[in-house]
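The structure appears right after this line, and notes come after that.
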Amino acid sequence: MRILLTVPSSRARLHRLAPLGWALRTAGHQVQVAGRPSF
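Numbering (the working numbering), first residue to last: 12 to 50.
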């Protein structure tokens, strides 16, 4: 499954989503993150 995680403008929230993205990727999913260009 292909999954897109969207990140609000806070870097703290990016760090909160990292474990979720890692777990999804470990489970065999394709994970991408979308956010502001500064990330």
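Glycine is no exception: its CB is placed at the ideal position from the N, C-alpha and C atoms. Fair warning: this is a prediction, and the values are worked out from it, not measured in the lab.
Practice task
Examine the ligand NAD and report whether any of its heavy atoms sits within less than 7 Å of the Cβ of residue 23.
Solution key: Judged by which ligands are present, the structure shown has none, so any question about the ligand NAD falls away.
Handout entry: Same chain, Cβ closer than 6 Å to residue 32, five either side skipped, listed in chain order
Key = 16 and 42
Handout entry: Host beta strand (DSSP E) of residue 45 (start-end)
Key = 41-45
Exercise for the section: Using DSSP bridges, identify the partner residues of residue 16. Expected result: 44
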